[in-house]
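Q:
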Amino acid sequence: MPPKTTTVFTKSLSLLPPTRLRSLTTVPESTHLTDPHSTHSFCSRALNFSAKMGFLREGKQVHSHVIKLGFCNVLSLQNQILNVYIKCKSFNYAHRLFDEMHVRNVVTWNTVICGLVDCRGSDYESSVYMGFCYFRKMLLDKVGFDAITLNGLLRACLELNDVEIGRELHCFIVKLGFAVNSFVNSALVDLYGKCGLVKEARRAFDEVYCRDLVLWNVMLSCYAMNCLAEEASGFFKLMQEENFMTDGFTFSSILNSCGTQGSCNLGRQIHGLAIKLSFDLDVLVASGLVDMYAKSENIDDARKAFDGMAARNVVSWNTMVVGYGRLGDAGEAMKLLIGMFQEDLRPDEITLASIIRSCSSALTYCEIMQVNAYVLKNGFHAFLSIANTLINAYSKGGSIAMALQCFSTVMEPDLVTWTSLIGAYAFHSLPKKSIDTFEEMLADGVWPDQIVFLEVLSACSHAGLVNEGLHYFSLMKDYHIWPGLEHYTCLIDLLGRAGLLDVAFNILNSMSIEYSSDTLGAFIGACKIHGDVKLAKWAAEKLLEMEPNKPVNYTLMSSVFASEGHWHDVARIHKLMGDRCGHGVPGCSWMEYAGAIDEVPVKI
């Protein structure tokens, strides 16, 4: 038991830095604690705040005061000290304190297990597995666990993306009677949903008789994240039929589902219901409305929803910026960025990456430079998403040197970063650089995917590197990657440019997947270059069967006949195009001059 004498805590408290724990908890300079209960209460509040703020040094100081004042064997304080060390990622102190504790309860074990699961760090996977080791030890010590323990372990399975351990835990949960627990089942449904096992998630949901709103929302988000708009809509209607009270997260999930599937009509109905129930003023719901309209390419409705928001946070601004970025509207995206600054909001990496992407689409090089300057000034260059978009933007803007400079600032480039640089070299007709960079990426231990192989094949195609192209095409199988239509198109284009039309023809007829119009178009273009009208006719017939209403196909075939002087066939193709396709679609081009973008229409 702690001593029952009066304790003056003034001297101990003065050891704490005045600008952190004491100032943030508004504790006076001289604090007299006249009884054990007050002392215990103060230490408890100080430890809770240290854990919340990640104040390891202050947590250690309070720990020393707890020992000095005779409270070292008070289990509740020991659990709180343990929580401080876990939250501050001081695992050596945490394990040592845990081993020294003579008495442990379920809170002690939950603090360690859930703390290791929730603690992010460089060795995060090992920390999560350590959480399972503590659970195994908990079972061996025959300590009773609760729903919090199981919830933490299910979250660990999710973080490790290990659904098999999750299934074992599910059996364990059913066996011990926790299957009807809404709190445990929420984590179970979330695990199955995020692993794409929607049917198993619904089965776990149906096992619970007394469901709370959290469980309903998790199941709804499960349908939404797996792009099952129809199921999400039906589930939302089921909530309404059972008169279950919805909240902002419910509306956000169903709106996300509508936006992903482009179901704008359903989204408008949800919008009307949100207005009726006064949820349209909720920041989460309003952001969902903006996102739904933007993804459905109804940017005007998205802007109306955005302008009508009573309060906006960074997420709201990001949603609108991403919407304009998706459409390549750099001007409006930049205006929004300026608006954020005017409202004293600091853009994050999502905002900046979207701005750069939209400027890249519009080829507004000046704006890219301005955003890059802000990125460097505010330390955002460490974010891979920003570095990757900058590499692509500078490449499209014609500055391979700046793209390479951005790449050099990345400490640990990922696959997307490497692919961006390889694509930049290919875009600037530097195939040798593309290939060398690809080999450097493989030597660095980065596993390639379909996209990076496509960039390499494209580089080989434009440079006429037949042997290299065939080598990398066959290399895909070594990485368990099967060629797609784009890869075959690059290979056909490569062989066609080199005059190997018979080889390209044989590959076309032996493809494991059905060829596309682009593949046939590349082959016809090669036939035109090398004057092989016979093979061009064969490909053109296939192409016109596939896309009879596309004018460019007729134009391509007409140019082949014209190059060989077959004017009768040219006239026949032109007449056929007029009968089937009618008039062409007008186009336009953009020109940047003096910081402004001019749109120039082109009549066809």
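Here the sequence shown is numbered in the UniProt record's numbering, starting from 1 and rising by one per residue. By construction, the Cβ of each residue, glycine as well, lies at the ideal position given by its N, Cα and C atoms.
(1) Thinking N151 and V184 are a contact (beta carbons under 8 Å), I'd like their distance in whole angstroms, please.
(2) If we call anything under 7 Å between Cβ atoms a contact, is F244 one with L220?
(3) Between I356 and G323, is the Cβ-Cβ spacing less than 7 Å?
(4) In three-state DSSP terms, what is N226?
(5) Decide if C157 is buried, meaning its Cβ has at least 16 other Cβ atoms within 10 Å, or exposed.
(6) I'd like the ranges of any alpha helix (DSSP H) spanning at least 4 consecutive residues and lying wholly in the stretch 90-169.
(7) Roughly how many angstroms separate the alpha carbons of N226 and K194, rounded to a whole number?
(8) Nearest-angstrom Cα distance between S385 and D414?
(9) Is A204 closer than 7 Å to L228 when the C-beta atoms are compared?
(10) Measure from the alpha carbon of D329 to the alpha carbon of each residue in A353, S358 and E343, then state which is nearest.
(11) At 4 residues or longer, what runs of the alpha helix (DSSP H) sit wholly inside the stretch 446-521?
(12) By how many angstroms is the C-alpha of P483 removed from the C-alpha of M546?
(13) Under 6 Å Cβ to Cβ from R326, same chain only, skipping five residues before and after it: list those, please.
(14) Quick one: does the C-beta of M320 sit closer than 6 Å to a heavy atom of the ligand COA?
(15) With a threshold of 6 Å on Cβ separation, who are the neighbours of F427 within its own chain once the five nearest residues in sequence on each side are excluded?
(16) At what residue ranges does the stretch 245-283 contain a whole run of the alpha helix (DSSP H), taking only runs of 4 or more?
(17) With DSSP collapsed to three states, give me the class of T389.
(18) To the nearest angstrom, how far is it from the Cα of S360 to the Cα of E455?
(19) Excluding five sequence neighbours on each side, which residues of the same chain lie with their C-beta closer than 6 Å to the C-beta of T319?
(20) Would you mind giving the Cβ-Cβ distance between L485 and Y472, rounded to the nearest angstrom? I have them listed as a contact below 8 Å.
(21) What does the Cβ neighbour count give for residue 607, buried or exposed, with the cut at 16 atoms within 10 Å?
(22) By Cβ distance below 6 Å, which residues in the same chain neighbour G166 in space, the five residues on each side in sequence not counted?
(23) DSSP three-state label for A540, please.
(24) Whole angstroms are fine: how far does the CA of S461 sit from the CA of S510?
(25) Excluding the five sequence neighbours on either side, which residues of its own chain have a C-beta within less than 6 Å of the C-beta of S257, listed in chain order?
(26) Does the Cβ of A94 have 16 or more other Cβ atoms within 10 Å, making it buried, or fewer, making it exposed?
(27) If contacts are defined as beta-carbon pairs under 8 Å, then A526 and G496 qualify, I think. What distance do you get, rounded to the angstrom?
(28) How is D300 classed by DSSP in three states: helix, strand or coil?
(29) Let's test the definition: count the other Cβ atoms within 10 Å of the Cβ of M411 and tell me whether it reaches 16, buried, or not, exposed.
(30) Report yes if the C-beta distance between A294 and A302 is below 7 Å; otherwise report no.
(31) With burial defined as no fewer than 16 other Cβ atoms inside 10 Å of the residue's Cβ, what is the status of S512: buried or exposed?
(32) May I ask which residues mark the beginning and end of the alpha helix (DSSP H) holding P36?
(33) Considering only residues of the same chain and omitting the five flanking positions on each side of D212, which have a CB-CB separation below 7 Å?
(34) Just reading off the alpha helix (DSSP H) that S420 is part of, what are its end residues?
(35) What do you reckon, are the CB atoms on C264 and S316 nearer than 7 Å?
(36) My output table needs one value for T409: the three-state DSSP class, helix, strand or coil.
A: In short, the structure shows the following:
(1) Walking along the sequence shown from the start, residue 151 turns up at place 151. Walking along the sequence shown from the start, residue 184 turns up at place 184. Yes, N151 and V184 are in contact; Cβ-Cβ is about 6 Å, under 8 Å.
(2) For the purposes of this step, residue 244 is taken as residue 244 along the sequence shown, with counting starting at 1. For the purposes of this step, residue 220 is taken as residue 220 along the sequence shown, with counting starting at 1. The answer is no: Cβ separation not under 7 Å.
(3) The residue labelled residue 356 in the question sits at position 356 within the sequence shown. The residue labelled residue 323 in the question sits at position 323 within the sequence shown. Cβ atoms of I356 and G323: not closer than 7 Å.
(4) Position 226 of the sequence shown, counting from 1, holds the residue named residue 226. Correct three-state label for N226: coil.
(5) Counting from 1 along the sequence shown, the entry for residue 157 is found at position 157. Buried, by the Cβ-count rule.
(6) 91-100, 106-118, 124-140 and 147-160
(7) The sequence position of residue 226 within the sequence shown is 226, counting from 1. The sequence position of residue 194 within the sequence shown is 194, counting from 1. Computed Cα separation, rounded: 8 Å.
(8) Indexing the sequence shown from 1 puts residue 385 at position 385. Indexing the sequence shown from 1 puts residue 414 at position 414. Computed Cα separation, rounded: 10 Å.
(9) Here residue 228 refers to the residue found at position 228 when the sequence shown is read from its first residue. Here residue 204 refers to the residue found at position 204 when the sequence shown is read from its first residue. No, Cβ-Cβ distance for L228 and A204 is not below 7 Å.
(10) Indexing the sequence shown from 1 puts residue 329 at position 329. Measuring from the Cα of D329, the nearest candidate turns out to be S358.
(11) 450-463, 466-475, 485-497 and 501-510
(12) Taking the sequence shown and counting its residues from 1, one reaches residue 546 at position 546. Taking the sequence shown and counting its residues from 1, one reaches residue 483 at position 483. If you take the alpha carbons of M546 and P483, they lie about 21 Å apart.
(13) Position 326 of the sequence shown, counting from 1, holds the residue named residue 326. If we look at R326 and ignore the five residues flanking it on each side, it has no Cβ neighbours.
(14) Looking for the ligand COA in the displayed structure turns up nothing, as the structure carries no ligands at all.
(15) Translated into positions along the sequence shown, residue 427 becomes position 427. The residues are S395.
(16) 248-261 and 264-276
(17) Here residue 389 is taken as the residue at index 389 of the sequence shown, counted from 1. T389: helix per DSSP, three-state reduction.
(18) For the purposes of this step, residue 360 is taken as residue 360 along the sequence shown, with counting starting at 1. For the purposes of this step, residue 455 is taken as residue 455 along the sequence shown, with counting starting at 1. If you take the alpha carbons of S360 and E455, they lie about 19 Å apart.
(19) Numbered from its first residue, the sequence shown carries residue 319 at position 319. Cβ within range, chain order: S287, V290 and D291.
(20) Position 485 of the sequence shown, counted from the start, is the residue given in the question as residue 485. Position 472 of the sequence shown, counted from the start, is the residue given in the question as residue 472. With 8 Å as the limit, L485 and Y472 do not qualify as a contact, their Cβ atoms being about 17 Å apart.
(21) In the structure displayed, the chain extends from 1 to 604; residue 607 sits before or after that span and is not available.
(22) Start at 1 with the first residue of the sequence shown, and residue 166 comes out as number 166. C157 and L191.
(23) Looking up residue 540 in the sequence shown gives position 540. It is helical.
(24) On the sequence shown, residue 510 is found 510 positions in, with the first residue counted as 1. On the sequence shown, residue 461 is found 461 positions in, with the first residue counted as 1. S510 and S461: Cα-Cα distance of roughly 20 Å.
(25) Counting from one through the sequence shown, the residue named residue 257 turns up at place 257. Once the five neighbours on either side are set aside, the close Cβ partners of S257 are A224, A229 and A232.
(26) Along the sequence shown, one-based indexing puts residue 94 at 94. Looking at its Cβ environment, which holds 16 or more other Cβ atoms inside 10 Å, A94 is buried.
(27) In the sequence shown, the residue the question calls residue 526 occupies position 526. In the sequence shown, the residue the question calls residue 496 occupies position 496. With 8 Å as the limit, A526 and G496 qualify as a contact, their Cβ atoms being about 2 Å apart.
(28) For this step, residue 300 is matched to residue 300 along the sequence shown. In the structure shown, D300 sits in a helix (DSSP, three-state: H, G or I).
(29) Position 411 of the sequence shown, counted from the first residue, corresponds to residue 411. Label assigned to M411: exposed.
(30) As a first step, residue 294 is located in the sequence shown; it is residue number 294 there, counting from the start. As a first step, residue 302 is located in the sequence shown; it is residue number 302 there, counting from the start. Yes, these two residues count as a Cβ contact at 7 Å.
(31) Reading the sequence shown from its first residue, position 512 is the one you call residue 512. So S512 counts as exposed.
(32) As a position in the sequence shown, residue 36 is number 36, starting the count at 1. Unbroken alpha helix (DSSP H) run through P36: P36 to M53.
(33) Here residue 212 corresponds to residue number 212 of the sequence shown, with the count starting at 1. The answer, listed in chain order, is S182.
(34) What you label residue 420 is simply residue 420 of the sequence shown in a count that begins at 1. Its alpha helix (DSSP H) spans residues L415 to F427.
(35) The residue given as residue 264 occupies position 264 in the sequence shown. The residue given as residue 316 occupies position 316 in the sequence shown. In this structure, S316 does not lie closer than 7 Å to C264 by Cβ.
(36) Position 409 of the sequence shown holds residue 409. Reduced to three states, the DSSP call for T409 is coil.
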